[in-house]
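Numbering (the numbering used here), first residue to last: 5 to 346.
Quick reminder that beta carbons are idealized off the backbone N, C-alpha and C, glycines included.
Note that the coordinates shown come from a computational prediction; the quantities given were computed from them, not determined experimentally.
The structure appears below as structure tokens.
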């Protein structure tokens with residue numbers, strides 16, 4: 005056999021490796037399809053009706069996806085760069101409370117203007133913990149896990165102090181419409197999330213900012229040698245993560261007609277899960293916004309589907325935890341199977 009001829013065994017290895025890479029890249033999509041098919045079959049057998057072909061069900065799934073997705077998309081940038089942001093849950097709550105207090109104090113203003121001011125105020129408030137996170141990690145070399153865990157507690161405490169430990173009710177029809185209204189049968193919060201998703205997908209895949217983010221996750225040392233200002237990039241990454249979390253908090257305020265310090269607390273695990281289910285790597289350098297969208301949809305379908313088939317809601321935590329473990333195991337196996345430099 006000539007050197008240029010491949011043996012049957014080597015061909016089988018090559019084909020097997022390629023098939024493995026395709027399956028690991030597409031597993032989240034395949035899992036989502038299987039989930040929908042499972043609930044659809046269950047619905048037909050148990051209830052003689054459809055699960056996914058109902059407009060109300062689709063709207064509920066999209067609404068359930070929105071908050072998780074907004075938190076997860078900003079987090080995707082941080083994780084791709086090799087970091088983590090655990091403060092997003094209470095940044096959401098902080099922005100929710102601030103926006104609610106502003107709308108409450110501007111109750112005699114026109115509803116649209118009051119909502120606009122509250123939105124800007126909530127987003128600006130969310131920037132503050134993002135900047136502090138960035139400073140801790142970039143300037144003081146605090147590991148992102150520790151720094152953002154500390155900010156988790158700080159944002160939580162301030163949000164409860166500002167709200168005096170209670171929800172902050174609002175009376176603003178514009179905010180309520182933005183949180184609960186529909187346009188062309190799609191929930192307005194989902195439409196907002198779609199616009200944000202398109203922008204962030206473009207930012208990560210087609211701009212220098214996205215290229216720098218991947219470079220930092222691939223090798224921080226190589227990124228520095230390439231001339232990337234990693235400190236400045238790190239600052240912007242945490243600000244971006246805080247902004248998307250703040251936006252989720254403002255939508256929460258409109259949806260429930262009240263601001264709450266704990267607005268994002270139940271979503272933290274789901275947001276982290278969505279990023280890793282969508283294909284991001286624990287070590288950085290991998291991850292996409294589209295993958296995060298799929299991860300968020302998987303979690304929303306699990307949560308809504310289990311309620312739909314009348315399973316106790318506590319099983320949601322078990323199910324999401326199992327899917328997280330699956331995602332991490334696939335990531336680790338992929339890392340072992342992929343040759344260095346590939």
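- prompt: For residue 245, does the count of other Cβ atoms within 10 angstroms reach 16, so buried, or fall short, so exposed?
  reply: buried
task: Please name the residue, chosen from 146, 164, 295, that lies closest to residue 88 on a Cα-to-Cα basis.
output: 146
query: How many Å lie between residue 364 and residue 129 at the Cα?
result: The requested residue 364 is not part of the displayed model; the chain covers only 5 to 346.
task: With a threshold of 16 other CB atoms inside 10 Å of the CB of residue 182, please say whether the residue is buried or exposed.
output: buried
message: Mapping the DSSP letters down to three states, classify residue 190 as helix, strand or coil.
response: strand
message: Rounding to the nearest angstrom, what Cα-Cα distance links residue 35 and residue 308 in this structure?
response: 16 Å
message: So for residue 317, helix, strand or coil by DSSP?
response: Of the three classes helix, strand and coil, the one that applies to residue 317 here is coil, per DSSP.
query: If you draw a straight line from the C-alpha of residue 285 to the C-alpha of residue 91, how long is it?
result: 20 Å
- prompt: Near residue 163, what residues of its chain come up, given a Cβ to Cβ distance below 7 Å and the 5 sequence neighbours on each side ignored?
  reply: Only 94, 97, 98, 101, 265 meet the Cβ criterion.
task: Please report the residue range of the alpha helix (DSSP H) in which residue 234 lies.
output: 234-260
- request: Name the one or two DSSP bridge partners that residue 173 has.
  value: Answer is 262, bridged to residue 173.
- prompt: According to DSSP, is residue 90 helix, strand or coil?
  reply: coil
query: Got a sec, what are the start and stop residues for the alpha helix (DSSP H) residue 53 sits in?
result: DSSP places residue 53 outside any alpha helix (DSSP H), giving it a letter other than H or E.
message: By alpha-carbon positions, which one of 114, 234, 216, 62 ends up nearest to residue 142?
response: 234
query: Is the segment 294-310 close to the segment 69-80, with three or more CB pairs under 8 Å?
result: yes
- request: Tell me where the alpha helix (DSSP H) around residue 212 begins and ends.
  value: 212-222
task: Mark residue 30 as exposed unless 16 or more other C-beta atoms lie within 10 angstroms of its C-beta, in which case mark it buried.
output: Using a 10 angstroms sphere on the CB of residue 30, the tally of other CB atoms stays under 16, which defines it as exposed.
- request: Rounded to whole angstroms, what's the CA-CA distance from residue 105 to residue 165? Just pull it up for me.
  value: 13 Å
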